[in-house]
Amino acid sequence: MTALSTRLLLFLAVAASVGPALGASQGLTPESPEVRKLIESGLAAIEKMDGKDEELGAKCLMGLAFVKDDKPDHPKVQQAVAACYETAKKGYEAESFYSAGLAIILLTEVNPRTHASVISYYFNLLKQRQKKNGGWGYTNRESGDTSQTQYAALSYWEAHRHGLSVEAAPLAGLTDWLIRTQDPDGAWGYQGEMGPAGKRVEQKEISLSMVSAALGSVLITIDLFGIMGPNQSVPSEEELPTGVRVAGEESTRRAPRLSSKQVERDRLIKAYEDGTKWMEKNYSIDNKAWQVYYLYALERFRGFEEFLTGVAPGSPKWYNDGYDFLLKNQKKPGIWDKGCGEAADTAFAVLFLQRSTQKILRASIGEGLMLSGRGLPKDLSSVRLDGGQIVAQQEKTAVEDLLGMLDEDQSAKLDALADDPSALISSGLDARSARRLEQLVRGGDPEVRLLAVRALGRTGNLDYVPSLLYGLTDPDKRVVLAARDGLRFTSRKFQGYGLNNRFSENQRYEAKTKWEQWYLSVRPDAVLPAN
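Position 518 of the sequence shown, counting from 1, maps to 518 under full-length UniProt numbering, and the rest follow consecutively.
Structure follows, in structure tokens:
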């Protein structure tokens, strides 16, 4: 069990600031009234669509929109499932893989046991349709197709999640294809141009939608191979905060990761890091073409990124931007048509607004952490029963509210907040609050130092690195690990420089030295904190 995988077991709510300020909306989630209104408008429109003449993939997307809205028995779901069966009976003849991949995704989401035989048909097709180069694409082309490959990657992830036998070799081929079709600038194009081993070549038809699709696929393979992520294995209680254990029985936990012996781990992580840098530099909510398809790919990429890095903003900017775009660009109320047709685009829009990837990823790790061994939490208002277990449920807390708790000496709430890494939100941190947090890192009770380090680390701001470096010297182990995690997020080096959860003093010193060297490489004139 690596220190990274322990940290990434916990969802962290932080602020991510990427790209120019395009949208007016802020603070939106799938549960926000205005978002629910738009979702329900889209679902109502899909209900009225005949769908008989739509391709199988569009039918599956229409069904998925209702599955993600917790309506697995809806007639549109039943129609889509029936279409999957009918196509399998006749034989899948489409030149593209889109519909077959979406059939796997839908059927595994609805009921993998009931539909096992038909899933097996499409899963065999998935293996047969893989190109020699490792990607997926049109049958009349040799090149792999970034757009279609994303659905193959997600199909494998769904299959593995639901217990189907998944071999490592095809996915190792996929990782090689993703690595070798990346542009020197970190982007991906539509039809992947394979570069020689160890060298990137220029790609064509680069777009935000293709980069989002590829990054989603990269992160899926990273998860399947256990290269980083919250579910490589279940942490021991020694590795979690005192008195906390993972809720759920062993049987509910995810299948073991695949062997990564055939995978170039460092190059795959590098592909993700470079792709993310390209997205940060070029981000826009407007893709110019295939707009709503892009939003669905963007949500998948960001959903897996949140899941694997542990950086999960409560209301990310890209989501608010997407809502604004969809609100303003309806063809008719609840209907979108931006290149893929009304049925597919409307379903894409609904799936984006639902945060469909986030929902399934959260379900895959269960309800969260359970408190045990310490009696009831001090703040009983945060408690609920879940399957007979006592589960602490913290409200999201902004930094300003945290500082107010300190002023009012609300120790019970501070203790509860310290126990729940997902509850602290660092968005909109002003200079005055930041200065106070930096002072608190160097003094105060352990819980206060922990919360201050956690808040600064989640901003991603290089200005606060000296305080995080100071946090590495803290006598409280929790503060040290929070500082480590903050440095990993700020640097985008998600594997960091070692320092596992059971670190020795020598390991602490070595990690601090390496982080200082990194910081001086990006800010040569920086003043480092005294030991």
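From the three backbone atoms N, C-alpha and C, an ideal C-beta is built for every residue, glycine too.
Based on the DSSP output, what are the partners of residue i in its beta bridges?
i    : result
K48  : DSSP lists no partner for K48.
W188 : Q182
I335 : K332
Considering only the beta carbon of each residue, do residue i and residue j sit closer than 8 Å?
i           : j    : result
I46         : A347 : yes
V118        : A82  : no
G216        : Q150 : yes
G496        : E510 : no
W318        : L298 : yes
N320        : Q130 : no
L295        : A349 : yes
residue 535 : S41  : Any question about residue 535 goes unanswered here, given that the chain covers just 1 to 531.
V263        : A172 : yes
F304        : I220 : yes
V292        : D345 : yes
M194        : S147 : no
W157        : L224 : yes
V35         : L28  : yes
P524        : Y470 : no
A100        : Y122 : yes
L353        : L102 : no
G322        : W290 : no
M228        : L308 : yes
G135        : D145 : yes
R442        : L472 : no
F66         : K59  : no
L258        : A187 : no
R432        : L440 : no
R302        : P316 : yes
E202        : D183 : yes
V155        : G192 : It is worth fixing the name first, because residue 155 is Ser in this sequence and not Val. Not in contact: S155 and G192 (Cβ atoms no closer than 8 Å).
H162        : P112 : yes
R355        : P72  : no
V479        : Y519 : no
Starting from residue i and walking both ways along the alpha helix (DSSP H), at which residues does that stretch end?
i           : result
P170        : A168 to R180
S209        : L208 to L224
N501        : Careful: N501 lies outside any alpha helix (DSSP H) and carries neither H nor E.
N282        : R265 to N282
L353        : E342 to L353
L61         : L56 to V67
residue 533 : Residue 533 is absent from the model: the chain starts at 1 and stops at 531.
G486        : K477 to S491
K76         : P75 to K90
Could you tell me whether any non-hydrogen atom of the ligand NAP is closer than 7 Å to the CB of residue i?
i    : result
G192 : With respect to small molecules bound, the structure shown includes none, and the ligand NAP cannot be examined in it.
Entirely enclosed alpha helix (DSSP H) segments - the region 92-144, minimum 4 residues: Annotation: the region 92-144 contains the following complete segments of the alpha helix (DSSP H) (minimum length 4 residues), in chain order: 98-110 and 116-128.
Pick out the complete alpha helix (DSSP H) segments inside the region 430-469, 4 residues or longer, and give them in chain order. Fully enclosed alpha helix (DSSP H) runs of 4 or longer: 431-441 and 446-457.
With contact counted as at least three CB pairs below 8 Å, one residue from each stretch, are the region 476-495 and the region 269-277 in contact? They touch, by the three-pair rule.
For the structure I just gave you, are there three or more beta carbon pairs, one from the region 474-491 and one from the region 451-461, closer than 8 Å? Yes, the region 474-491 touches the region 451-461.
Touching or not, the region 85-100 and the region 111-127, by the rule of three or more beta carbon pairs under 8 Å? As far as the Cβ criterion goes, the region 85-100 touches the region 111-127, which means the pair count is three or higher.
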